[in-house]
Amino acid sequence: MNPPLEAGPPDQYGLVGHPVAHSWSPFIHGMFAKATAQHLVYRLFDIAADDFRRETLRLFTSGVRGLNITLPHKQAAAELVNELTPRATRAQAVNTIAFFEDTTLLGDNTDGVGLICDLERNLQVDLADKRVLLLGAGGAARGVIGPLLERELRVLTIANRTLFKARKLAAEFADMGQIGGCTFAELQGPPCDLIINATSASLQGEMPEMPDGLVGEQTLCYDMAYGRGETPFTLWARSLHARSTAKGWGMLVEQAAESFLLWRGIRPSTQPVLAALAQHT
Ligand code: ATR
Numbered sequence: 047m048n049p050p051l052e053a054g055p056p057d058q059y060g061l062v063g064h065p066v067a068h069s070w071s072p073f074i075h076g077m078f079a080k081a082t083a084q085h086l087v088y089r090l091f092d093i094a095a096d097d098f099r100r101e102t103l104r105l106f107t108s109g110v111r112g113l114n115i116t117l118p119h120k121q122a123a124a125e126l127v128n129e130l131t132p133r134a135t136r137a138q139a140v141n142t143i144a145f146f147e148d149t150t151l152l153g154d155n156t157d158g159v160g161l162i163c164d165l166e167r168n169l170q171v172d173l174a175d176k177r178v179l180l181l182g183a184g185g186a187a188r189g190v191i192g193p194l195l196e197r198e199l200r201v202l203t204i205a206n207r208t209l210f211k212a213r214k215l216a217a218e219f220a221d222m223g224q225i226g227g228c229t230f231a232e233l234q235g236p237p238c239d240l241i242i243n244a245t246s247a248s249l250q251g252e253m254p255e256m257p258d259g260l261v262g263e264q265t266l267c268y269d270m271a272y273g274r275g276e277t278p279f280t281l282w283a284r285s286l287h288a289r290s291t292a293k294g295w296g297m298l299v300e301q302a303a304e305s306f307l308l309w310r311g312i313r314p315s316t317q318p319v320l321a322a323l324a325q326h327t
C-alpha cells in the first residue's frame, strides 16, 4: 500500500512543445505519480516558437515547478534557463527544466540517458565498437550524441537534410570519438549496426531519401518517434530486411523517469508503464 497522498493543491508540471496534442507524457507521469505517491498534475502546453520564451517564463511565475520541453524548443530552452547540468551544457539542448525555490531555472537533458537505457536495458543492445548512423541534427539529435559516444562506438555518422548542421554537430563532439557529418545522399555502406531516426520527418509522414546498402540483416533501426503502428522509417527499414525495428516508446518512458527523478528525487520503475503503453498502443 502506498501512503495517502498529501492534501492541498497538487504540484504542477507539464510539457511545452508545438505540437503536443499527441503526447503520452501526461499518462506516463500520471502513472509515475500514482506509483510513488507524489501529489502532482502534468499538463500539455502548446506554445509556438515566437511565444516560447514569454509563455514558458509565465508558466514558471504562475507556479509551475517543472517542464519537459519538446520540439521545436529544445535549443531555445537551453538559452532560457539560468543553469545547465553538464550533460545539457554538452548538448546545448534541454528537454527538462526544474524550477527551484531560490528562483533558479535548471536545464537538463534526459534524452540521451533515456535512449541508452532503452537500448541497453530494454533491447539488450551492446553499443561498444558499433557503427551507428544518426539521422537528424536538431534538438533531439543533440541530446543523444554525447551519451552514445561515451559508449565507445566504432563510428557515429550524423546525416541531415541541411549539411551545415550535421557538420557543425560533428565538430562540436569531435573530442569525444569518431564522428562525422554528411547529407543523406552522401551516405554509403557497409550496413550500419544501428540507425537512429532523430528527424521530425515522421511527424509529417515523411522519410528522408536514403541510398541503398545502409541496412543489412544485422541492422537495428530505431525511430525516436512513436505512435501507433509503423512509421515511414520503420516501414523503410522493414522493406530492406533490417534485423529489427523499434520505436521510441522505451526512450520516452526512460527519459520521463529521469525527469521525474530531477523534479521529485525518486526514479520511478519504468516496467509497469512500458507494459501499460504496450496495451494502449
Ligand atoms: P527536434 O527537437 O525534434 O530535433 P528540430 O530541432 O526542429 O526538432 O529538428 C528537426 C530535425 O528533423 C532536423 O534535423 C531537420 O532537418 P533540417 O536541419 O534540415 O531542418 C529534420 N527534418 C525535419 N523534417 C524533415 C524531413 N521532412 N526530411 C528530413 N529531415 C527532416
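Using my numbering, the first residue of the sequence shown is number 47, and each one after it goes up by one. Using N, Cα and C, we set each Cβ at its ideal position, and we do this for glycine too. Note that this is a predicted model, so its numbers are computed, not measured.
Handout entry: Close Cβ partners of leucine 195 (< 8 Å) along its chain, the five nearest in sequence each way excluded
Key = Cβ within range, chain order: Leu202, Phe219, Met222, Gly223, Ile225.
Handout entry: Presumed contact (8 Å Cβ cut-off) between leucine 173 and proline 254, rounded CB distance
Key = In this structure, leucine 173 and proline 254 do not form a Cβ contact; the two beta carbons are roughly 23 Å apart against a cut-off of 8 Å.
Exercise for the section: Compute the minimum distance between the beta carbon of proline 65 and the heavy atoms of the ligand ATR, and state whether it is under 7 Å. Expected result: No, Cβ of proline 65 sits at least 7 Å from all heavy atoms of the ligand ATR.
Exercise for the section: Put glutamate 129 into one of helix, strand or coil per three-state DSSP. Expected result: It is a strand residue.
Problem - Closer than 7 Å to the ligand ATR: residues, by C-beta to nearest heavy atom, in chain order - result: That gives Thr116, Leu117, Pro118, Lys120, Gln121, Gly182, Ala183, Gly184, Gly185, Ala186, Ala187, Asn206, Arg207, Thr208, Lys211, Ala244, Thr245, Ser246, Ala247, Gln250, Glu252, Pro254.
Exercise for the section: Taking phenylalanine 91 as the reference, give the member of Ser108, Gly60, Thr245, Arg111 with the closest Cα. Expected result: That would be Gly60, whose Cα lies nearest to the Cα of phenylalanine 91.
Exercise for the section: Pick helix, strand or coil for alanine 81, following the three-state DSSP scheme. Expected result: Three-state DSSP puts alanine 81 in a helix.
Exercise for the section: Determine the contact status of isoleucine 204 and alanine 212, defining contact as a CB-CB distance below 8 Å. Expected result: For isoleucine 204 and alanine 212, yes; Cβs fall inside 8 Å.
Exercise for the section: Kindly indicate which three-state DSSP category proline 50 falls into: helix, strand or coil? Expected result: Annotation note: pLDDT 49 at proline 50 (below 50); position unreliable, coordinate value reported separately. Residue state, collapsed to three classes: coil.
Exercise for the section: Give a yes or no on whether the C-beta atoms belonging to tyrosine 268 and alanine 303 are separated by under 8 Å. Expected result: 8 Å or more divides the Cβ of tyrosine 268 from the Cβ of alanine 303.
Exercise for the section: Classify alanine 134 as buried or exposed, calling it buried when 16 or more other Cβ atoms lie within 10 Å of its own Cβ. Expected result: Under this definition alanine 134 is a buried residue.
Problem - Whole-angstrom distance between methionine 77 and asparagine 48, CA atom to CA atom - result: Annotation note: pLDDT 49 at asparagine 48 (below 50); position unreliable, no value reported.
Practice task
Measure the Cβ-Cβ separation of alanine 144 and leucine 286 and say whether it is below 8 Å.
Solution key: Not a contact, by the Cβ cut-off of 8 Å.
Practice task
Can you give me the Cβ contacts of isoleucine 74 inside the same chain, cut-off strictly under 8 Å, excluding the 5 residues immediately before and after it?
Solution key: Within the same chain, isoleucine 74 has close Cβ partners Leu298, Val299, Ala302, Val319, Leu323.
Exercise for the section: Take asparagine 141 as the anchor and find which of Glu125, Leu161, Met256, Asn114 has the nearest alpha-carbon. Expected result: Asparagine 141 has its Cα closest to that of Asn114, out of Glu125, Leu161, Met256, Asn114.
Problem - Expected contact under 8 Å - CB spacing of glutamine 58 and glycine 109 to nearest Å - result: Glutamine 58 to glycine 109, Cβ: 6 Å. Contact.
Exercise for the section: Evaluate asparagine 206 with the Cβ neighbour count: other Cβ atoms within 10 Å of its Cβ, from every protein chain shown; 16 or more gives buried, anything less gives exposed. Expected result: Buried, by the Cβ-count rule.
Exercise for the section: Along the beta strand (DSSP E) that carries glutamine 58, what are the first and last residues, could you check? Expected result: From DSSP, the beta strand (DSSP E) with glutamine 58 extends over 57-63.
Practice task
Using only alpha-carbon positions, find the residue among Thr107, Val178, Val190, Thr102 that is nearest to alanine 137.
Solution key: Ranking the options by Cα distance to alanine 137, first place goes to Val190.
Problem - CB contact flag (arginine 197, isoleucine 242, <8 Å) - result: No, these two residues do not count as a Cβ contact at 8 Å.
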